[in-house]
Amino acid sequence: MAKAISAIIQARYSSYLFPGRSMVQVANKTIIDHIVFRIRQINNIKDIILATTDDPEDDALVTEARRLGILIYRGSKQDVIARLLGAASMCNLETFLKVNGNYPLFDPYLAKDMISEHIRGGFHFSYNEHFTGTVYGTGCYVVQKELLRQLDRKKLTSEQREAGLLCLHQDDAKYKVNKFSYRNPRPHYNVCFDNEKDLRLIEFIFKVLDHPYTEEIIDLLDNNPVLVGSNKYESVQEVGLEKLYLFPEKLVALSRRALSDNDKSYPITIELSLTDRCNFDCVWCSDKKLRTRTNCDMDFKVLQKLFQDLREGGTKGIVIEGGGEPTLYKKFADTVSLAHDMGFGVGLITNGSMKIKDEIVNKLEWIRISLDASTSEEQKNLKNTDSFEKVMSNIKKLCSERPTVGIGYVVTSQNVGNLESLILRLRDFGVEYIQFRPVIDHKMLETQIDLSYLKRYQNIKFSVIVDGMYQNVTEGNDNLPCIAHSFTSVIASNGNVYLCGRLNIHDWLEPIGNINTQAFKDIWLGKIRRDQAVMVFSPEFCKKNCPRCRLTKFNQLFNRLDKTMTRNFI
Numbered sequence: 016m017a018k019a020i021s022a023i024i025q026a027r028y029s030s031y032l033f034p035g036r037s038m039v040q041v042a043n044k045t046i047i048d049h050i051v052f053r054i055r056q057i058n059n060i061k062d063i064i065l066a067t068t069d070d071p072e073d074d075a076l077v078t079e080a081r082r083l084g085i086l087i088y089r090g091s092k093q094d095v096i097a098r099l100l101g102a103a104s105m106c107n108l109e110t111f112l113k114v115n116g117n118y119p120l121f122d123p124y125l126a127k128d129m130i131s132e133h134i135r136g137g138f139h140f141s142y143n144e145h146f147t148g149t150v151y152g153t154g155c156y157v158v159q160k161e162l163l164r165q166l167d168r169k170k171l172t173s174e175q176r177e178a179g180l181l182c183l184h185q186d187d188a189k190y191k192v193n194k195f196s197y198r199n200p201r202p203h204y205n206v207c208f209d210n211e212k213d214l215r216l217i218e219f220i221f222k223v224l225d226h227p228y229t230e231e232i233i234d235l236l237d238n239n240p241v242l243v244g245s246n247k248y249e250s251v252q253e254v255g256l257e258k259l260y261l262f263p264e265k266l267v268a269l270s271r272r273a274l275s276d277n278d279k280s281y282p283i284t285i286e287l288s289l290t291d292r293c294n295f296d297c298v299w300c301s302d303k304k305l306r307t308r309t310n311c312d313m314d315f316k317v318l319q320k321l322f323q324d325l326r327e328g329g330t331k332g333i334v335i336e337g338g339g340e341p342t343l344y345k346k347f348a349d350t351v352s353l354a355h356d357m358g359f360g361v362g363l364i365t366n367g368s369m370k371i372k373d374e375i376v377n378k379l380e381w382i383r384i385s386l387d388a389s390t391s392e393e394q395k396n397l398k399n400t401d402s403f404e405k406v407m408s409n410i411k412k413l414c415s416e417r418p419t420v421g422i423g424y425v426v427t428s429q430n431v432g433n434l435e436s437l438i439l440r441l442r443d444f445g446v447e448y449i450q451f452r453p454v455i456d457h458k459m460l461e462t463q464i465d466l467s468y469l470k471r472y473q474n475i476k477f478s479v480i481v482d483g484m485y486q487n488v489t490e491g492n493d494n495l496p497c498i499a500h501s502f503t504s505v506i507a508s509n510g511n512v513y514l515c516g517r518l519n520i521h522d523w524l525e526p527i528g529n530i531n532t533q534a535f536k537d538i539w540l541g542k543i544r545r546d547q548a549v550m551v552f553s554p555e556f557c558k559k560n561c562p563r564c565r566l567t568k569f570n571q572l573f574n575r576l577d578k579t580m581t582r583n584f585i
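Counting from 16, one number per residue, gives the positions in the sequence shown under my numbering.
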């Protein structure tokens, strides 16, 4: 006889995309009703418990649970760990199945197989929703109650407690984990109910399938590829080609220049390094060598003159970023305030380790946190620091403020272990996007992984941007002249101004000037910049010297436009 276990449905009314989704009717049943019906097809389930919150808005869920004849546990809205433990403690069984309350297509047959494997193998927790697992929206967890007890006794952050079982993945090396696979995975498919598009797809599946379980769902979607894309959202391209449309005056200036002359219009954006000091030690850091050459902080008085010059020249944005960690700069808050008050859009690229005062956060147009790790262990190995959950807490707080909050993620062979659980946590925080790009200049860390399946987690408020994984991998600027170099300029903490933020990895590249002794205008219109512009206009030079670069895609676009023969037609 199979070992008896309990089942927990984790559900609540609130959702930033579709409040009350668990109570929506599909095929004459509420979503909760569908889930309960499917759980009851598993023979060794003794009790089914609804784990919801003590918020009054969840009273309707409780009423529905009573109608369905299942147990109810109500607990903290923020502490999912304690809520699940409270629900599990209502039964004297040590193993429980956990199903999300927005999974009307949860597959009990795959759950049966995973439960048997979990018990036979003595695992701490098992799950089947991952790249080689079942379709997103049909999966579940099997967990030992003792594991929840251990988690509850730990000094977890509030963000970890709110993440519930997702936080297990951040420490999965400490547990005996069963990553249950499905023989015919479809990592790009999504039948989870998060939004209106999902609901329409789920309604259609119930309408056309008599037995809508994983195999039948896969057959339906395989034969109807339009359905696969019906609940997908396009990424907002924060670093895409379409942003050129926002700067028509720059495009006009580029079109008027001769190949032997440089574009005299100011950069759209200045990439500004305030300090060479950094509290992390990333193994792939492209600025590490540069920091050893400069190793200083920016002179704030010089910044005041610089910003006045840039404003008069027409620069739109200031990106405060590396060589080091910019929030360590003593005048960081003053720099943000100055740039904001002078009318610039101000962006910040940070490692997320330092808390930023609310009044400064509100002066930033966007913040991108260079996370680059999906677990604490990965962060230790790749960034030589143990502050993963501290950074996650800081990200959560930033998301409650005004600016656009995004995540930068350098993909290596050593930090792709738990991307799905990381993305779900970040999405729940309110992060607007995560941008993946390949590691550069460190071939030993490179990986050929295809991350496009992660787009199944996109919604109207959250984007997964993977374009950089294949757009930014061309070396030598694709044997093209670099027309796009004048979009931006890089200013190091010692005042050196560089024509290119990638070529400056070469020791022989001289700065085009220094703002400690020259006005930016004189540097930008000066002879050294003109000479270096001619240098990068040479395809032969770029082919020999240019490393992988995000500007290559813009140069490829200009090359296609130059070759267009029917210029008077769309």
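By construction, the Cβ of each residue, glycine as well, lies at the ideal position given by its N, Cα and C atoms.
- Count the other CB atoms, across all protein chains shown, that sit within 10 Å of the CB of residue 263; report buried if there are 16 or more and exposed otherwise. By the 10 Å Cβ count, residue 263 comes out exposed.
- Look at residue 379 and residue 406 and say whether their C-beta atoms are less than 9 Å apart. Contact: no.
- Message: Please report the distance separating the alpha-carbon of residue 142 from that of residue 85.
- Response: In this model, residue 142 and residue 85 are separated by some 23 Å (Cα to Cα).
- State the DSSP-derived secondary structure class of residue 77, mapped to helix, strand or coil. Looking at residue 77 - three-state DSSP - the assignment turns out to be helix.
- Message: Based on DSSP bridge pairs, tell me the residues matched to residue 3.
- Response: Because the chain spans 16 through 585 in this model, residue 3 falls outside it and cannot be assessed.
- Taking the CB atoms as reference points, tell me whether residue 4 and residue 23 lie closer together than 9 Å. An answer regarding residue 4 cannot be provided, because it is not within the stretch 16 to 585 covered by the chain.
- Query: Can you pull the DSSP bridge partners for residue 478?
  - Reply: According to DSSP, residue 478 bridges with 448.
- Item | Paired residues, beta bridge with residue 110 - DSSP | According to DSSP, residue 110 bridges with 159.
- Can you have a look at residue 122 and say buried or exposed, based on whether 16 or more other CB atoms are within 10 angstroms of its CB? By the beta-carbon neighbour count (other beta carbons within 10 angstroms, threshold 16), residue 122 is buried.
- Item | Endpoints, the beta strand (DSSP E) within which residue 425 is located | Residue 425 -> beta strand (DSSP E) spans 419-426.
- Helix or strand or just coil, what does DSSP make of residue 517? Three-state result, residue 517: coil.
- Just checking my contact of residue 535 with residue 386 at CB under 8 Å: how many whole Å lie between their CB atoms? With a contact defined as Cβ atoms closer than 8 Å, residue 535 and residue 386 miss out at about 32 Å.
- Secondary structure at residue 119, three-state DSSP: helix, strand or coil? Residue 119: coil per DSSP, three-state reduction.
- Query: Is the segment 72-84 in contact with the segment 24-42, if contact means three or more CB pairs nearer than 8 Å?
  - Reply: The segment 72-84 vs the segment 24-42: in contact.
- Task: Out of 270, 62 and 18, state which residue places its alpha-carbon closest to the alpha-carbon of residue 134.
- Result: The residue with the shortest Cα to Cα distance from residue 134 is 18.
- Task: Measure the alpha-carbon distance for residue 139 versus residue 158 and round it to whole angstroms.
- Result: In this structure, the CA atom of residue 139 is about 6 Å from the CA atom of residue 158.
- Message: Using only the alpha-carbon positions, how far apart do residue 82 and residue 50 sit?
- Response: Residue 82 and residue 50 have their alpha carbons spaced roughly 14 Å apart.
- contact_flag[the segment 498-505, the segment 562-579] where n(CB pairs < 8 Å) is 3 or more: Flag = yes, the segment 498-505 and the segment 562-579 touch.
- Query: What residue range is occupied by the uninterrupted alpha helix (DSSP H) comprising residue 175?
  - Reply: Annotation: the continuous alpha helix (DSSP H) that includes residue 175 extends over 173-178.
- Considering only the beta carbon of each residue, do residue 402 and residue 428 sit closer than 9 Å? Remark: C-beta atoms of residue 402 and residue 428 do not approach each other more closely than 9 Å.
- Report back the beta-carbon spacing between residue 543 and residue 288 to the nearest angstrom; my notes put them in contact at under 8 Å. No, residue 543 and residue 288 are not in contact; Cβ-Cβ is about 20 Å, not under 8 Å.
- Using the beta-carbon count (16 or more within 10 Å), is residue 393 buried or exposed? When all chains shown are included, residue 393 counts as buried.
- Query: What is the residue span of the beta strand (DSSP E) that residue 66 lies within?
  - Reply: Start and end: 60-68.
- Task: Kindly examine the ligand ATP and report whether one of its heavy atoms sits closer than 8 Å to the Cβ of residue 196.
- Result: As far as ligands go, the structure on display features none, and thus does not contain the ligand ATP.
- Message: So for residue 341, helix, strand or coil by DSSP?
- Response: It is helical.
- Task: Measure the C-alpha to C-alpha separation of residue 131 and residue 57 and round it to an integer number of angstroms.
- Result: Taking the straight line from one Cα to the other gives about 11 Å.
- In angstroms with no decimal places, state the Cα-to-Cα distance between residue 371 and residue 211. Taking the straight line from one Cα to the other gives about 36 Å.
- Query: What is the DSSP secondary structure of residue 312, counted as helix, strand or coil?
  - Reply: In the structure shown, the three-state DSSP call for residue 312 is strand.
- Query: Where do the N-terminal and C-terminal ends of the beta strand (DSSP E) with residue 383 fall, by residue?
  - Reply: Following the DSSP letters along the chain, one finds residue 383 inside the beta strand (DSSP E) bounded by residues 381-385.
- Task: Within its chain, find whatever has a CB closer than 7 Å to the CB of residue 205; leave out the 5 residues flanking it on each side and keep chain order.
- Result: Beyond the five residues adjoining it in sequence on each side, residue 205 comes within less than 7 Å, by CB distance, of 151, 152, 246 and 471 in the same chain, given in chain order.
- Item | Alpha-carbon to alpha-carbon, residue 497 and residue 520 | C-alpha of residue 520 to C-alpha of residue 497: approximately 17 Å in a straight line.
- Could you give the DSSP three-state label for residue 364: helix, strand or coil? Residue state, collapsed to three classes: strand.
- Task: Could you tell me which of 43, 40, 103 and 35 sits nearest to residue 65, measuring between CA atoms?
- Result: When 43, 40, 103 and 35 are compared, the shortest CA-CA separation from residue 65 is found for 103.
- Task: State yes or no: is the C-beta of residue 99 within less than 9 Å of the C-beta of residue 154?
- Result: The answer is no: Cβ separation not under 9 Å.
- Straight-line Cα distance separating residue 555 from residue 494: Residue 555 has its alpha-carbon roughly 7 Å from the corresponding atom of residue 494.
- According to the neighbour-count rule (16 or more other Cβ atoms, all chains shown, within 10 Å of its Cβ), is residue 477 buried or exposed? Burial call: buried.
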